[in-house]
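Under this note's numbering, the first residue of the sequence shown is numbered 353, with each subsequent residue one higher. Positions of the beta carbon are idealized from the N, C-alpha and C atoms, including for glycine. All remarks here apply to the structure that follows.
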Amino acid sequence: MARSAADAPPDLSGLLDLARDRRLDMKPVLLRVQTDLFRAAPVRDVATIRAFEALACGLIPTVDAATAEIVAQKLAPLPDTPQSVLALLAAQGGGARDAVLAGSPVLTTALLEAAGSGPGLDAVLARRPDLGRALVEDLSLRGDPEVDLSLAGNPGAPLAGPALERLVERARRRPDLAALLLARDDLPAVDLAPLYLQAEPERRAAIREGVAARAALRPQGRAGMRAAGAALTAFAGRGEPERFEAALGEALGMPGASFRATEPERRDLLALALRAADLAEEEAVFIFLRLDPSIARSVDAVFGLTRLFRSMDAATARDLVASILGGEPAARSATPDQHRPAHGPASPRLRPAATAAPALRPALPERTRKTR
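What follows is the structure, encoded as structure tokens:
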């Protein structure tokens, strides 16, 4: 019976011609050709595997690093590739080692020993698609920036619990890591709340929803901070951002917190913090208009901050602000016996909300009052 074109042996006449040229080292070419034939074989019986093993084990130690890496990328994912071949490739180091560790279906002790402990080994392991929770936990403890990036960018890495908390905490100061974590759709949005300011608008909305759902699960007392509005609007009206920030931190039970809320990329934090402090909307708008000229000059900025202020309750805002700043606001309730921070002689005192007469607020000339 005549052979079909598919069954015909490959034409290696060109390769044989090259082999006759003694100026050329044909070992890399031969290894790559045999690797391609091994990959393409529809069935790899024992004889085929042993023959390839003998040839590959003889050639791998003699080829250059680039050839070893290409061969490793092709052979590592194949379950029929002999472990001895993979061990030799891993022992080559560099890209060949990385390809074996990242692509081999099973990491045996022999492979790990052959790979050694060179630089970047943990980062390569962190890219494997079959990581278990125990290994993820162990890798997250390394504190290696490259390992963190590999874990965050690996959709097969089950990030949860302390491991995720560590990565999120490090991502506060590392935009590259934050971007990878925020891009993953398998992570609960609420766990990414500390990265709220780095997130895109759609992701921010999901984080707010997650924080709101969590805040709703526990009883919430009134914050007892409405009187903070008088001090905050006074500082904003006089253009004193440093004293405004200090008073805002005290009002939230987070003295010394650095809001930097007038920076363009952190403006949302201003609206969140004012909502967390339980200010009235008119007080918040007054602050948007008077605290920083760059905000006041932008209609879009003022309206955007006002929409954000309206979009959540104070409890949700407090949780979100605490996550963003990495602190925990003091528990508060609307009682006269609450702790009240001390103030300097020139600082308006924050009086409790429950008083005989309501606190006077600065006039809001920008607001048009409606008559009934």
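Can you round the beta-carbon distance between residue i and residue j to whole angstroms, since I take them to be within the 8 Å contact cut?
i, j, result
"Gly581", "Leu544", "The pair is not a contact, with the Cβ atoms about 31 Å apart (cut-off 8 Å)."
"Leu464", "Ser456", "Rounded, the Cβ-Cβ distance is 10 Å, inconsistent with contact."
"Lys426", "Thr387", "5 Å"
"Ala448", "Ala417", "7 Å"
"Ala599", "Leu584", "6 Å"
"Ala744", "Ala467", "The displayed coordinates of the chain run from 353 to 724. Any statement about residue 744 would go beyond what the structure contains."
"Ala541", "Gly562", "4 Å"
Along the chain, where does the alpha helix (DSSP H) that runs through residue i open and close?
i, result
"Thr387", "Lys379 to Ala392"
"Ser610", "Ser610 -> no alpha helix (DSSP H), and no H or E assigned at all."
"Arg590", "Run containing Arg590: none; DSSP gives neither H nor E here."
"Thr668", "Ala666 to Leu677"
"Val415", "Neither: Val415 is in no alpha helix (DSSP H) and is coded neither H nor E."
"Ser492", "Arg485 to Ser492"
"Asp482", "Here Asp482 belongs to no alpha helix (DSSP H), and DSSP marks it neither H nor E."
"Arg524", "Where Arg524 is concerned, there is no enclosing alpha helix (DSSP H), given that its DSSP letter is neither H nor E."
"Asp397", "Segment: none, Asp397 is in no alpha helix (DSSP H) and carries neither H nor E."
"Gln435", "Gln435 to Ala443"
"Arg449", "Gly446 to Gly455"
"Leu459", "Segment: none, Leu459 is in no alpha helix (DSSP H) and carries neither H nor E."
Among the options, which one has its Cα closest to the Cα of residue i?
i, options, result
"Arg662", "Ile676, Asp377 and Ala625", "Ala625"
"Ile647", "Thr668, Arg556, Ala666 and Ala623", "Ala623"
"Pro380", "Ala392, Glu421 and Ile401", "Glu421"
"Arg612", "Leu532, Leu549, Pro429 and Pro394", "Leu549"
"Pro553", "Glu617, Leu604 and Pro527", "Glu617"
"Asp538", "Ile412, Ala558, Pro394 and Val423", "Ala558"
"Arg525", "Asp500, Phe390, Arg536 and Ile412", "Asp500"
"Thr414", "Gly446, Ala392, Asp377 and Arg402", "Asp377"
"Leu383", "Val423, Ala403 and Val398", "Val423"
"Glu439", "Thr460, Leu430, Pro429 and Thr419", "Note that residue 439 corresponds to Ala in the displayed sequence, not to Glu. With distances taken between Cα atoms, Ala439 lies closest to Thr460."
"Pro429", "Gly446, Gly445, Thr419 and Leu453", "Leu453"
"Ser650", "Pro607, Thr668 and Thr614", "Thr614"
"Ile676", "Gln444, Val488 and Arg522", "Arg522"
Checklist line | Segment contact flag, the segment 487-495 with the segment 507-520, C-beta cutoff 8 Å, min 3 pairs | finding: yes
Check: On the three-pair Cβ rule with 8 Å, is the segment 431-441 touching the segment 400-410?
Finding: yes
Check: Taking one C-beta from the segment 500-514 and one from the segment 480-487 each time, how about it: are there three or more such pairs within less than 8 Å?
Finding: yes
Notebook entry, point to check: Does the count of Cβ pairs from the segment 553-570 and the segment 583-594 closer than 8 Å reach three?
Noted result: no
Next item on the list: At 4 residues or longer, and completely inside the segment 589-655: list those alpha helix (DSSP H) runs for me, N to C.
Entry: 593-603, 619-628, 633-642 and 645-648
Next item on the list: Mind listing, in chain order, the continuous alpha helix (DSSP H) runs of no fewer than 4 residues lying wholly within the segment 526-567?
Entry: 527-535 and 553-567
Next item on the list: Take every Cβ of the segment 628-643, pair it with every Cβ of the segment 527-535, and state whether three or more of those distances are shorter than 8 Å.
Entry: no
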